[in-house]
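Read the structure below first, then the notes.
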Amino acid sequence: MKYLPIAKELFIENRKRFAARLKPGSVAFFNSNDEMPRNGDGNFAFRQHSDLFYLSGIDQEQSLLVISPDCPLPQYREILFLRRTNATIAIWEGHKYSKEEALQASGVKTVIWIDEMEAVLTILMNHASNVYLNLNENDRFSSQVPYRELRFANDLKLRNPAHQYERSGPILSELRSLKSDEELKQMQIAIDITEKAFRRVLAFTQPGVTEYEIEAEIIHEFIRNRATGHAYNPIIASGSNANVLHYNENNQICKDGEVILMDFGAEYANYAADLTRCIPVSGKFTPRQKEVYNAVLRVMRGATKMLIPGNTIEKYHVAVGKMMEEELIGLGLLNKVDVAKQDPDAPLYKKYFMHGTSHFLGLDVHDIGNRYLPMKAGMVFTCEPGIYIPEEGLGIRLENDILITSNGQTDLMSAIPVEVSEIESLMKRA
Ligand code: GLY
Ligand code: MN
Ligand code: MN
Numbered sequence: 165m166k167y168l169p170i171a172k173e174l175f176i177e178n179r180k181r182f183a184a185r186l187k188p189g190s191v192a193f194f195n196s197n198d199e200m201p202r203n204g205d206g207n208f209a210f211r212q213h214s215d216l217f218y219l220s221g222i223d224q225e226q227s228l229l230v231i232s233p234d235c236p237l238p239q240y241r242e243i244l245f246l247r248r249t250n251a252t253i254a255i256w257e258g259h260k261y262s263k264e265e266a267l268q269a270s271g272v273k274t275v276i277w278i279d280e281m282e283a284v285l286t287i288l289m290n291h292a293s294n295v296y297l298n299l300n301e302n303d304r305f306s307s308q309v310p311y312r313e314l315r316f317a318n319d320l321k322l323r324n325p326a327h328q329y330e331r332s333g334p335i336l337s338e339l340r341s342l343k344s345d346e347e348l349k350q351m352q353i354a355i356d357i358t359e360k361a362f363r364r365v366l367a368f369t370q371p372g373v374t375e376y377e378i379e380a381e382i383i384h385e386f387i388r389n390r391a392t393g394h395a396y397n398p399i400i401a402s403g404s405n406a407n408v409l410h411y412n413e414n415n416q417i418c419k420d421g422e423v424i425l426m427d428f429g430a431e432y433a434n435y436a437a438d439l440t441r442c443i444p445v446s447g448k449f450t451p452r453q454k455e456v457y458n459a460v461l462r463v464m465r466g467a468t469k470m471l472i473p474g475n476t477i478e479k480y481h482v483a484v485g486k487m488m489e490e491e492l493i494g495l496g497l498l499n500k501v502d503v504a505k506q507d508p509d510a511p512l513y514k515k516y517f518m519h520g521t522s523h524f525l526g527l528d529v530h531d532i533g534n535r536y537l538p539m540k541a542g543m544v545f546t547c548e549p550g551i552y553i554p555e556e557g558l559g560i561r562l563e564n565d566i567l568i569t570s571n572g573q574t575d576l577m578s579a580i581p582v583e584v585s586e587i588e589s590l591m592k593r594a
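Set out below in structure tokens:
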């Protein structure tokens, strides 16, 4: 791991909070992610399952965490099953956790090699009535690939049909959406690394550079600061490419007169940053570009103020839509009379601003959290309005990461340049 170790108290506390939510007589299982096959004998880079990481800090494949607070055998109330390492694995793949290291990382006192799991599993199941399974409950998840948690769940249910099965998903969604101080510290590191990369890009960009050269500057800055890499596929979209919302080609030349939309964020200690900035290739915005940019900036500032305890995503999106409507009328893109007559279920602003304004952020870039409950202090949301005008070859989005506090919010990206004057001055060459 490139990141510095996180004190195990975070994971001990997370397990305590999770265990407190279980029904009496329960056992909960958390599997690591699969090592995803690529081609031939190659795998994609391993990324730990965010829930397993949240509850244990263990960042290694083929791991299983068990939480069973009422197990009559005290040593089995928390167990980590880990891959048994040996000399061959050490030579080919490198170091794996020893039992002592796993204890130091997680605070889990009972560490057992995973090839010895069967006998212990029998005991755990015999002394539990409820079994909590941890399936992917993301509303947008859709995959034909049977993942490790699903295979584990199917196998367990087949062999133990008389147990009562429960879902860990709703509990984790609530717990993980409320960030602790230690988590915020890790997220701020991811954000600070992202800021460094943005400043590097400001100094680097000029007419004739390619989108991939900008991407290369970003990853260089990420890795030299201990980030694992990108938290998601970076978007480096010059000119009209900015109007393709998930543009990832990043292969065009950035031309004088264009604006580049860049959406990127570092992943540090498995925590994500999520930033969007738009900069002029020449170092100076045209009056029209500035006008659109400042409209988006006003909406971002107005929307940020509405990320407060008690507000709901639904009400928030309606209010942001109203702000956006005003701005689009001001830019001459919408007409007041048409807006007054619009179908409220298909507001006209969606032609120029077709995505949501905010999502939860944390261990995943689109982090888990219940969108249908009121916002609470400790939640982190992005704030990312945009205006996309293909006919002008221009797309502007600005995105900051915002922490909700008990009396308002804190912009975790307030140090990252966003004003037109700041951007132009940082891009100015002697
Ligand atoms: N970068 C992904 C997003 O902004 O949602
Ligand atoms: Mn985002
Ligand atoms: Mn983004």
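Heads up, the sequence shown is in this note's numbering, so the first residue is 165 and it goes up one at a time. Backbone N, C-alpha and C define an ideal beta-carbon position, used for all residues, glycine too.
(request) Compute the Euclidean distance between the alpha carbons of residue 529 and residue 470, then round it to the nearest angstrom. (result) Between the alpha carbons of residue 529 and residue 470 lies a distance of about 21 Å.
(request) Could you tell me if the beta carbon of residue 286 falls within a distance shorter than 7 Å of some heavy atom in ligand 3? (result) False, no ligand heavy atom lies under 7 Å from that Cβ.
(message) For ligand 3, is there any heavy atom lying closer than 7 Å to the beta carbon of residue 427?
(response) Yes, ligand 3 has a heavy atom inside 7 Å of this Cβ.
(request) Name the residue from 267, 238, 256 whose alpha carbon lies nearest to the alpha carbon of residue 246. (result) For residue 246, the nearest C-alpha among the options comes from 267.
(message) Tell me the rounded alpha-carbon separation between residue 388 and residue 381.
(response) Residue 388 and residue 381 have their C-alpha atoms spaced approximately 11 Å apart.
(request) Check whether the region 546 to 564 touches the region 428 to 445, counting contact only when three or more Cβ pairs, one atom from each stretch, lie closer than 8 Å. (result) Cβ pair count under 8 Å is three or more, so yes.
(message) Threshold first: 4 residues or longer. Then list the alpha helix (DSSP H) segments lying entirely within the region 440 to 483, N to C.
(response) If we require 4 residues or more, the alpha helix (DSSP H) runs fully inside the region 440 to 483 come out as 451 to 469.
(request) Would you check if the region 232 to 243 and the region 282 to 301 touch, i.e. whether three or more CB-CB distances between them fall below 8 Å? (result) Cβ pair count under 8 Å is three or more, so yes.
(request) Report all residues from its chain with a CB closer than 8 Å to the CB of residue 360; omit the five preceding and five following residues, and keep chain order. (result) Counting only Cβ-Cβ distances below 8 Å, and skipping sequence neighbours, we find 385, 389.
(request) Give the range of the alpha helix (DSSP H) segment to which residue 586 is assigned. (result) Taken as a continuous stretch (DSSP letters only), the alpha helix (DSSP H) holding residue 586 covers 584 to 591.
(message) Below 7 Å, is the gap between the Cβ of residue 265 and the nearest heavy atom of ligand 2?
(response) False, no ligand heavy atom lies under 7 Å from that Cβ.
(request) Given a cut-off of 8 Å, decide if residue 220 and residue 270 are closer than it, judged by their beta-carbon atoms. (result) The beta carbons of residue 270 and residue 220 sit closer together than 8 Å.
(message) I need the straight-line Cα distance from residue 374 to residue 348, nearest angstrom please.
(response) For residue 374 and residue 348, the distance between alpha carbons rounds to 34 Å.
(message) Quick check on DSSP: helix, strand or coil for residue 317?
(response) For residue 317, the secondary structure class from DSSP, reduced to helix, strand or coil, is helix.
(request) Spatial neighbours of residue 273 within its chain, please: CB distance less than 8 Å, with the 5 preceding and 5 following residues excluded, ordered by chain position. (result) In its chain, beyond the 5 residues on either side, 239, 242, 267 have a beta carbon closer than 8 Å to the beta carbon of residue 273.
(request) Could you say which of 257, 319, 572, 263 lies nearest to residue 282 if we only look at CA atoms? (result) Looking at 257, 319, 572, 263, the one whose alpha-carbon comes closest to that of residue 282 is 319.
(request) With DSSP collapsed to three states, give me the class of residue 401. (result) Per DSSP, reduced to three states, the secondary structure at residue 401 is strand.
(request) Work out the CA separation of residue 396 and residue 486 for me, nearest whole Å. (result) Going by the C-alpha atoms only, they are around 30 Å apart.
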